[in-house]
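A.B. asks:
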Amino acid sequence: MPTIRINGADHAVDAPQDKPLLWVLRDDLRLTGTKYGCGRALCGACTVHVDGQPARACVLPCGTLGEREVTTVEAIGGSEIGRRVQQAWAEMNVPQCGYCQSGQVMAAAALLERIPHPTDRDIDQAMSGNLCRCGMYTRIRAAIHRVAEGL
Amino acid sequence: MAARDHWSRREFLRVSAMAGGGLLAACSFQQDSDPLAGGAGPEPEVPPPGPGDSWQANAFVRIAPDNRITILVGSAEIGQGTSTAVPMMLAEELDADWSLVGWEQSPTARDYANPKTFSQLTAGSATIVGLYRPQRRAGAAIRAMLVRAAAKRWGVSEDSLRTEASRVIDDAGGRSASYGELASEAAQQRAPTNPTLKNPADFRIIGQAKRRLDGADKAKGATVFGSDFHIPGMLTALIARPPAPIGRLGSGADTPERWNHEAALAVPGVEAVLAVDAGVVVVAQDFWAAKQGRDRLDVQWKRSSKPHIGSGEQRQRYTAKLDSPGLVLQRKGRGAQGLRGSGVISADYHFPYLAHAPMEPLNVVIDHAPGRCEIWTGTQWPDGDRGVAARVLGMQTSQVKFHTLPSGGSFGRRACSAHDFVDEAAQVAKVLQKPVKVLWTREDDIRGGYYRPSASCRLSAELDTQGLPASLSARLVTQSLVGNIGLDELATLGGAESNSAQGLTDLPYAIPNLLVDAHNSYDPVPVLWMRSVSAGFNVHARECFIDELAQAAGQDPLQYRRRLLQAQPRLLAVLDAAASAAGWGAPPAGHHQGIAVFSAYGSHIAQVVEASVDETSGLKLHRVVSAVDCGTAINPDLLIAQIESAVVFSLSSAMFGEITLEDGVPQQSNFQDYPMLRMYQTPRIDTVLVNSGGEPGGVGELGVPAVSAALANAIFAASGQRIRELPLRKHVRIE
Chain W
124 MPTIRINGAD
134 HAVDAPQDKP
144 LLWVLRDDLR
154 LTGTKYGCGR
164 ALCGACTVHV
174 DGQPARACVL
184 PCGTLGEREV
194 TTVEAIGGSE
204 IGRRVQQAWA
214 EMNVPQCGYC
224 QSGQVMAAAA
234 LLERIPHPTD
244 RDIDQAMSGN
254 LCRCGMYTRI
264 RAAIHRVAEG
274 L
Chain A
3 MAARDHWSRR
13 EFLRVSAMAG
23 GGLLAACSFQ
33 QDSDPLAGGA
43 GPEPEVPPPG
53 PGDSWQANAF
63 VRIAPDNRIT
73 ILVGSAEIGQ
83 GTSTAVPMML
93 AEELDADWSL
103 VGWEQSPTAR
113 DYANPKTFSQ
123 LTAGSATIVG
133 LYRPQRRAGA
143 AIRAMLVRAA
153 AKRWGVSEDS
163 LRTEASRVID
173 DAGGRSASYG
183 ELASEAAQQR
193 APTNPTLKNP
203 ADFRIIGQAK
213 RRLDGADKAK
223 GATVFGSDFH
233 IPGMLTALIA
243 RPPAPIGRLG
253 SGADTPERWN
263 HEAALAVPGV
273 EAVLAVDAGV
283 VVVAQDFWAA
293 KQGRDRLDVQ
303 WKRSSKPHIG
313 SGEQRQRYTA
323 KLDSPGLVLQ
333 RKGRGAQGLR
343 GSGVISADYH
353 FPYLAHAPME
363 PLNVVIDHAP
373 GRCEIWTGTQ
383 WPDGDRGVAA
393 RVLGMQTSQV
403 KFHTLPSGGS
413 FGRRACSAHD
423 FVDEAAQVAK
433 VLQKPVKVLW
443 TREDDIRGGY
453 YRPSASCRLS
463 AELDTQGLPA
473 SLSARLVTQS
483 LVGNIGLDEL
493 ATLGGAESNS
503 AQGLTDLPYA
513 IPNLLVDAHN
523 SYDPVPVLWM
533 RSVSAGFNVH
543 ARECFIDELA
553 QAAGQDPLQY
563 RRRLLQAQPR
573 LLAVLDAAAS
583 AAGWGAPPAG
593 HHQGIAVFSA
603 YGSHIAQVVE
613 ASVDETSGLK
623 LHRVVSAVDC
633 GTAINPDLLI
643 AQIESAVVFS
653 LSSAMFGEIT
663 LEDGVPQQSN
673 FQDYPMLRMY
683 QTPRIDTVLV
693 NSGGEPGGVG
703 ELGVPAVSAA
713 LANAIFAASG
723 QRIRELPLRK
733 HVRIE
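Those sequence lines, one after another, are chains W and A. Quick note: the first sequence uses the numbering used here, first residue 124, plus one each step. Quick note: the second sequence uses the numbering used here, first residue 3, plus one each step.
1) If I'm right that residue 429 of chain A touches residue 280 of chain A with Cβ under 8 Å, what's the distance once you round it to whole angstroms?
2) Could you give the first and the last residue of the continuous beta strand (DSSP E) run that contains residue 404 of chain A?
3) Is there at least one Cβ from chain W nearer than 8 Å to residue 229 of chain A's Cβ?
4) Could you tell me the alpha carbon to alpha carbon distance between residue 727 of chain A and residue 353 of chain A, rounded to whole angstroms?
5) Rounded to whole angstroms, how far is the Cβ of residue 170 of chain A from the Cβ of residue 148 of chain A, which I believe are closer than 8 Å?
6) For residue 353 of chain A, write down the residues that DSSP places opposite it in a beta bridge.
7) Under the assumption that residue 424 of chain A contacts residue 379 of chain A (Cβ atoms under 8 Å), give the Cβ distance between them as a whole number of angstroms.
8) How long is the line joining the alpha carbons of residue 376 of chain A and residue 204 of chain W, rounded to whole angstroms?
9) Looking at chain A, is there any beta carbon in it that lies within less than 8 Å of the beta carbon of residue 225 of chain W?
10) Looking only at C-alpha atoms, which of A:236, A:235, A:257, A:237 sits nearest to residue 244 of chain A?
11) Could you tell me whether any Cβ in chain A is nearer than 8 Å to the Cβ of residue 140 of chain W?
12) Strictly under 8 Å for the Cβ-Cβ distance: is residue 218 of chain W near chain C by that measure?
13) Just checking my contact of residue 134 of chain W with residue 152 of chain W at CB under 8 Å: how many whole Å lie between their CB atoms?
14) With H, G and I counted as helix, E and B as strand and the rest as coil, what does DSSP make of residue 215 of chain A?
15) When the Cα atoms are used, what is the spatial distance from residue 705 of chain A to residue 644 of chain A?
16) Could you name the residues that DSSP lists as bridge partners for residue 107 of chain A?
17) Contact criterion: CB-CB distance below 8 Å. Does residue 222 of chain A meet it with respect to chain W?
18) Do you know whose CA, among W:125, W:132, W:193, lies nearest residue 139 of chain W's CA?
19) Identify the continuous beta strand (DSSP E) that holds residue 240 of chain A and give its terminal residues.
20) Measure the CB-CB distance between residue 529 of chain A and residue 127 of chain A and report whether it falls below 8 Å.
21) Could you check the C-alpha separation between residue 227 of chain W and residue 168 of chain W for me, to the nearest Å?
22) Please list, in chain order, the residues of the stretch 687 to 721 of chain A that have any C-beta partner in chain W closer than 8 Å.
23) Residues in its own chain within less than 6 Å of residue 45 of chain A by CB, not counting five upstream and five downstream?
24) If I'm right that residue 341 of chain A touches residue 523 of chain A with Cβ under 8 Å, what's the distance once you round it to whole angstroms?
25) Could you tell me whether the stretch 526 to 541 of chain A touches the stretch 453 to 469 of chain A, using the rule of 3 or more Cβ pairs below 8 Å?
26) What's the call for residue 304 of chain A, buried or exposed, on a 16-neighbour Cβ count within 10 Å?
27) Can you tell me whether DSSP reads residue 83 of chain A as helix, strand or coil?
28) From this set, A:400, A:592, A:178, A:575, which residue's C-alpha is nearest residue 600 of chain A's C-alpha?
29) Name, please, each residue of chain W whose Cβ falls closer than 8 Å to the Cβ of residue 679 of chain A.
30) Ordered along the chain, which non-local residues of its own chain (more than five positions away) have a Cβ less than 7 Å from that of residue 411 of chain A?
31) From residue 408 of chain A to residue 649 of chain A, what distance separates their C-alpha atoms?
32) Classify residue 488 of chain A as buried or exposed, calling it buried when 16 or more other Cβ atoms lie within 10 Å of its own Cβ.
33) Roughly how far, in whole angstroms, is the beta-carbon of residue 223 of chain A from the beta-carbon of residue 196 of chain W, given that I think they are within contact range, below 8 Å?
34) Quick one: which chain A residues come within Cβ less than 9 Å of residue 246 of chain W?
35) Using a beta-carbon distance below 8 Å, is residue 437 of chain A in contact with chain W?
36) From the DSSP output, in three-state form, read off residue 56 of chain A for me.
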C-alpha cells in the first residue's frame with residue numbers, strides 16, 4: 124500500500140504497486156484534471172510533474188514514486204508560472220475541447236520553470252510530446268511566448 | 003434597417019418570475035395539436051404563465067436579482083465554442099453586460115432543438131446558422147419585457163428608454179435600473195411575438211473577440227468531461243468487442259464463443275463478467291482492475307458469415323468500379339459525352355478509412371434500475387442517444403434522463419447514427435442494474451469502426467482552346483454514410499452534408515459540360531461522418547485535379563481558378579485575399595506554394611500552403627494562409643481558432659491518417675501507428691477574415707477539405723510529384 128505525496132499532502136493509497144499513477148489520481152483520489160488519452164505515453168494528456176519534471180502518469184507505476192513529490196494540474200496554479208500559464212491560456216482562447224490542455228499546461232509550466240524565455244525550438248522540444256487533436260499548437264506556442272514576456 | 007422578425011407559429015417565449023426574485027425564460031416549441039398552429043390572422047401575444055406550469059424545467063435564460071445572466075445552450079460543446087458563441091447571440095439583443103453572462107449545458111428536451119437539424123444534433127456546421135435568429139429573437143423579446151417593466155415602474159413611455167450593459171436607462175429622468183432589479187416585474191409583462199432585432203451596425207457583442215466562457219476552467223483542468231463524471235457506488239466497465247468492426251453492425255456480428263471468465267474474475271477489484279450483444283464486459287471497481295481483467299479474458303470469436311474485407315482487396319474493387327458508369331448524380335450540358343480520346347486528362351485519387359480519434363475516448367455513465375435510467379455522456383446527439391437507450395432498456399423515452407457533458411473532442415464520432423456507445427452502455431446497464439461507467443481505451447477507439455469511409459475518385463476533363471475545362475466528369479466509389487445503417491431517409495435531411503458527393507455536385511467552377519456519377523459500395527465496415535464529411539475527399543481530389551488542368555494548360559493555378567470563378571464573387575474575393583496574404587507567386591527561396599478553395603455551409607474559404615521538399619529532410623510545412631468569408635462572425639477569434647483547428651486536423655489526415663483492414667480487422671491501434679501533427683511539425687497559420695456581412699455561415703468544417711489539396715499542390719510545385727493517394731507519407735518522407 125504505497126504512500127504518495129501529491130500536491131503537498133501524503134496519501135496512503137490502497138492500490139497495487141504496478142497501478143499507474145494516472146489511475147490512482149483519477150479513480151482513487153478523484154483528481155480528474157489529469158486525463159487519459161492513450162495509456163502508452165504517446166499523447167501527453169496525463170502529464171504531471173514529479174519533483175518538478177514533466178512525467179507521463181499513465182505509464183508511471185505508483186509503487187515506484189517513493190518520496191518524490193507529484194504535482195497535478197489541480198495545484199499548478201499555486202506556482203507563479205503555473206498561474207500565469209493558466210491565465211494566458213484563458214486570455215488567448217487556447218483551449219477548444221480542452222481535454223489535452225491539463226497536460227499542455229503542465230508541460231508548458233515545466234518548460235518555463237526550466238527556461239523562462241524559450242525559443243521556438245525549445246517549445247518544439249518541450250511540447251511535441253503533447254497531442255492536441257483540436258490543433259491549437261500555434262496558440263499554445265503564442266501563449267508560452269506571452270507568459271515568457273512577463274517573466 | 004432593423005429587422006422585424008416573427009416567431010414561428012410553433013414556438014413562443016414564456017417568461018416568469020423566479021422564486022426569490024429574478025426572471026426565467028423558456029422558448030416553447032409547440033406540438034402540432036397546438037391551436038395556434040396553422041391558424042390565420044395575427045399571432046396573439048403570449049400571456050404570463052400561471053403558477054404550477056411545468057415549462058420552467060426547460061428555461062433557457064435566467065436573470066438573477068444580482069444581475070447575473072445564465073444562458074442555457076442546447077448545442078453540444080465539443081470544442082468549437084458553442085458555449086460562448088450561442089450566449090453571445092442572445093446577450094447581444096438582450097443588451098446584456100457580457101462580463102456577467104454565464105452558460106450552462108441545457109437539458110435534453112425538444113425546446114432546445116436546432117431548427118437546422120430538427121433535434122439537438124450538433125453537426126453539419128449548423129449551430130450558429132440554425133440558432134442565429136432564434137437566440138437573437140429570444141434576447142430581443144426579453145429585453146422588450148424589461149423595458150416595459152421599467153416604463154411601468156417610472157410611468158414613462160417605452161420609447162423614451164434605452165438599454166445598455168444589463169440596465170434600462172431613462173436619460174430624461176436621469177435614472178436607471180438593472181435587469182436584475184426589474185426581472186420580477188418584467189416577468190409579469192406580455193412577451194412580444196415579433197421583437198425588433200438590431201441593425202448589425204449596432205452590435206456590441208456579436209463581432210467581438212470575446213474570451214471563451216469555458217476557457218479558464220479548461221486551463222485549470224476543472225471542466226468535468228464524461229470520463230471525469232462520478233456518482234456514488236459507480237463501477238467501471240470495459241468491453242471486449244469483436245476484433246473486426248463488422249461486429250458492430252448488429253446482425254451478422256462476430257460473436258464471442260469462449261472466454262476465460264475465471265481469470266478475469268480472479269483480478270482483485272473485478273466484480274463481474276457479462277456477455278451482452280456488444281461483447282464480453284468486465285465490470286470492476288475501477289479502470290485499472292477492469293483493464294487487467296479484460297486483458298486476461300482471451301476471448302475466442304466465432305466469425306460471422308459476412309465477408310471480412312481487406313484494404314488491398316477493397317482498393318482493387320474500387321479501382322475496377324471506376325471503369326464502369328455509376329448512378330448519375332448530376333448532369334449538365336453534354337455531360338461526359340466526348341470525354342474520350344487522346345485529349346482527355348484523367349487522374350484517379352484514393353483515400354483511406356480514417357478514425358476520428360478525439361482526445362477523450364468514448365465513455366458513458368449510466369445508472370439504471372427498474373423504471374428509471376439516468377445517463378451522462380459527452381455527445382453531439384443527446385436526443386437520439388436517449389431514444390436508443392430507452393429502446394434497449396424497454397423503457398419510455400420520458401423515463402430516461404439524459405445529461406450532455408462537455409466532450410473532449412468529437413469530430414463526428416459522438417454524432418453516431420447508430421448511437422453505438424450509448425447502445426452498448428445501455429446493454430451493460432440492463433444486465434448490471436448498478437451505476438456504471440463504460441470506458442473506451444485508445445485502442446478500442448482506433449479499432450472501433452465508424453470510420454470516415456475510404457473512397458476512390460476519378461476525374462476526367464477536356465480543355466477548350468483557352469485551356470479551360472470544356473467537359474468534366476467525376477466518378478466516385480465509396481460507402482454510403484447512411485445506406486449501410488438503414489438510415490436512407492436521413493440522406494435528404496442534411497442535404498449535401500450527408501451526401502457522399504459533396505464537393506462534386508456543388509462545383510463552384512464554370513464548366514459547361516459536367517457529369518457526376520457514383521457507385522455506393524456496401525462494404526461491411528461501419529462508417530460515419532467525420533468533420534467535413536465527403537467533401538474531405540471529394541474537394542481534395544477536385545482541387546488537386548484543377549491544379550493538374552492548370553498545369554496542362556500551362557497556366558498559374560491561382561489565375562486558372564480566377565478564370566473559372568468569375569461568377570462566384572465571394573469565393574473569388576477569398577481567393578484573392580488568400581493569395582495576397584500569402585504572397586502568392588513569391589515564396590521565400592526553396593519554399594513552394596499550393597492553393598485550393600471550398601464553399602459550403604454558407605461560407606467560403608481559400609487556402610495557400612507553403613512547403614518545401616528536399617532530399618535530406620523530406621516534406622516540411624512552413625505556412626498556411628486561409629481567407630474566410632462566413633458572412634458575419636459571431637466571435638472572430640473563435641472563428642479563427644476553428645480554421646486553425648481545421649488546418650491541423652486536415653493536414654494530420656492527409657499526411658498520416660490511415661486505417662487499414664486485414665480480414666476485417668483494423669491494423670492500427672494507438673497514436674504510434676495512427677499519428678497526427680505535433681507541435682514541431684505544425685507550420686505558422688495565418689487566417690484572414692473578409693466577411694461580406696449578412697447571415698452567418700458555418701465554419702466548424704469549412705477549413706478542412708481544401709488545405710490538404712493545397713498541400714498536395716505545393717508538393718507538386720516543390721518536387722514535380724503528383725501524389726494522388728493519401729496519406730502523403732506513403733509517397734514522401736515526413737519527419
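C-beta atoms are modelled at their ideal positions from N, C-alpha and C, and glycine is treated no differently.
C.D. replies: Inspection of the coordinates gives the following:
1) Approximately 5 Å separates the beta-carbon atoms of residue 429 of chain A and residue 280 of chain A; this is inside 8 Å, confirming the contact.
2) 402 to 407
3) yes
4) 6 Å
5) Contact flag correct, Cβ pair sits at about 6 Å.
6) A:457
7) 7 Å
8) 41 Å
9) Chain A contact via Cβ: present.
10) The residue among A:236, A:235, A:257, A:237 with its C-alpha nearest the C-alpha of residue 244 of chain A is A:257.
11) Output row for residue 140 of chain W: interface = no.
12) Going by chain labels, chain C is absent from the structure shown, which instead holds the protein chains W and A.
13) 6 Å
14) coil
15) 8 Å
16) A:75
17) yes
18) W:125
19) 237 to 242
20) Residue 127 of chain A sits away from residue 529 of chain A, with the two beta carbons spaced by 8 Å or more.
21) 7 Å
22) For the stretch 687 to 721 of chain A, the beta-carbon criterion of a distance under 8 Å to any beta-carbon of chain W is satisfied by 687.
23) Because residue 45 of chain A carries a pLDDT of 41, less than 50, the predicted location of this residue cannot be relied on, and the following value inherits that uncertainty. These residues qualify, in order along the chain: 195.
24) Their Cβ separation, rounded to whole angstroms, is 23 Å, which puts residue 341 of chain A and residue 523 of chain A out of contact at 8 Å.
25) yes
26) exposed
27) coil
28) A:575
29) Per Cβ cutoff of 8 Å: 258, 260.
30) 80, 81, 360, 361, 362
31) 23 Å
32) Note that residue 488 of chain A has pLDDT 43, beneath the 50 cutoff, so the model's placement of it is unreliable and the number below is only indicative. So residue 488 of chain A counts as exposed.
33) Yes, residue 223 of chain A and residue 196 of chain W are in contact; Cβ-Cβ is about 4 Å, under 8 Å.
34) 681, 682
35) no
36) Any reading at residue 56 of chain A is ruled out, since the residue's pLDDT is 40, under 50, leaving its predicted position unreliable.
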